[in-house]
Amino acid sequence: MTSTNDPADLDSLELGLLLEGLHRRHGFDLRDYSRASLSRRIERFKQQEGIASTLGLLERALREGDLWERLLRELTIHTTSMFRDPTFFLAFREKVVPLIRTYPFIRIWVAGCSTGEELYSTAIILHEEGLLDRCRLYATDLNEEVVSQAKTGVFPVSSMKESTGSYQAAGGQRPFSEYYTVRDELAILSPALSRTTIFAAHNLVSDASFNEFQMIFIRNVMIYFNRSLQDRVLRLVHGSLCRLGFVCLGRRESMRFSPHEECYEEFVPGEKLYRKVRE
Ligand SMILES: C[S@@+](CC[C@H](N)C(=O)[O-])C[C@H]1O[C@@H](n2cnc3c(N)ncnc32)[C@H](O)[C@@H]1O
0 MTSTNDPADL
10 DSLELGLLLE
20 GLHRRHGFDL
30 RDYSRASLSR
40 RIERFKQQEG
50 IASTLGLLER
60 ALREGDLWER
70 LLRELTIHTT
80 SMFRDPTFFL
90 AFREKVVPLI
100 RTYPFIRIWV
110 AGCSTGEELY
120 STAIILHEEG
130 LLDRCRLYAT
140 DLNEEVVSQA
150 KTGVFPVSSM
160 KESTGSYQAA
170 GGQRPFSEYY
180 TVRDELAILS
190 PALSRTTIFA
200 AHNLVSDASF
210 NEFQMIFIRN
220 VMIYFNRSLQ
230 DRVLRLVHGS
240 LCRLGFVCLG
250 RRESMRFSPH
260 EECYEEFVPG
270 EKLYRKVRE
């Protein structure tokens, strides 16, 4: 039997117990998320909540539903913005849209959609290119709260104003304000933009695929996963994508060294926009 007094080992053991408990109690499996990022966030959360130890946090998170909700929100990072990485959206508009226009069905999955900015940016481009009505979009995230927020299509007007430059850099030529009305510092996006979207909770770690797609956005989601979890999720993505379909990853993510690397070509180099060329 081995035991340790090394504080780093004990911290790691406590963190493992917390993640195991959350998995068993709430069904959310964060055990293969990057430990460094989780540790930082858990420390911050403990400070905010005035909880002295990780085991103390576990005890409360098992019993208090609202504390667990706050913890989940802290651990799953929701940072996003409209037309994030505008050159990516420009490449989508100029290089991908002309091809998907020729497809008989266009199903697009925005996985890890957070509060919806990526979904609405995509919808605006599809609308401007005359394709939105022919597309079915699926916007999913493991966190139900952000999915509900995404569904409302309501954002702070300040953030919409900040995104105007990104919209233009992504090839937008209309006044960006054409897409929303303003009430009490809130921008309410035109409901027409989400008319063909289904919003749903979906966990990429534990839920199965639910359709075959021509395009999958999964941007800035896997940066928080360790390598084996990235591989698992990429297998799900691969199995959900039609041949010649497109996958979009975030700036700091890559298909390199993934289980299906040889099945993809880099469709727009530098934009993490890949096309499935083999099964
Ligand atoms: C940093 S945000 C990225 C948002 C958007 N895709 C973008 O690039 O702007 C990451 C999102 O992934 C979601 N996420 C994390 N783990 C997930 C999982 N296992 N299944 C589905 N979504 C997950 C988080 O809840 C969060 O909303």
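In numbering that gives the first Met the number 0, the protein residues as written are 0 to 278.
Glycine is no exception: its CB is placed at the ideal position from the N, C-alpha and C atoms.
The criterion of a C-beta distance shorter than 8 Å is not satisfied by N219 and D31. Runs of the alpha helix (DSSP H) lying entirely within the region 200-270, each at least 4 residues long, are 226-239 in chain order. Using a cutoff of 7 Å, the CB of R231 does not count as near ligand 1, since none of the ligand's heavy atoms is closer than that. Checking the 7 Å criterion, the Cβ of R43 is out of range of every heavy atom belonging to ligand 1. As far as DSSP is concerned, K150 takes part in no beta bridge.
Between the alpha carbons of S165 and R100 lies a distance of about 24 Å. By the Cβ-count criterion, K160 is exposed, with fewer than 16 other Cβ atoms from all chains shown falling within 10 Å of its own Cβ. Judged by pairs of C-beta atoms under 8 Å, the region 268-275 touches the region 240-249, as three or more such pairs exist. As a beta-bridge residue in DSSP terms, T139 pairs with A110, A199. Look at G249: its beta carbon is less than 7 Å from one of the heavy atoms in ligand 1.
Under the DSSP assignment, T86 falls in the alpha helix (DSSP H) whose first and last residues are 85-90.
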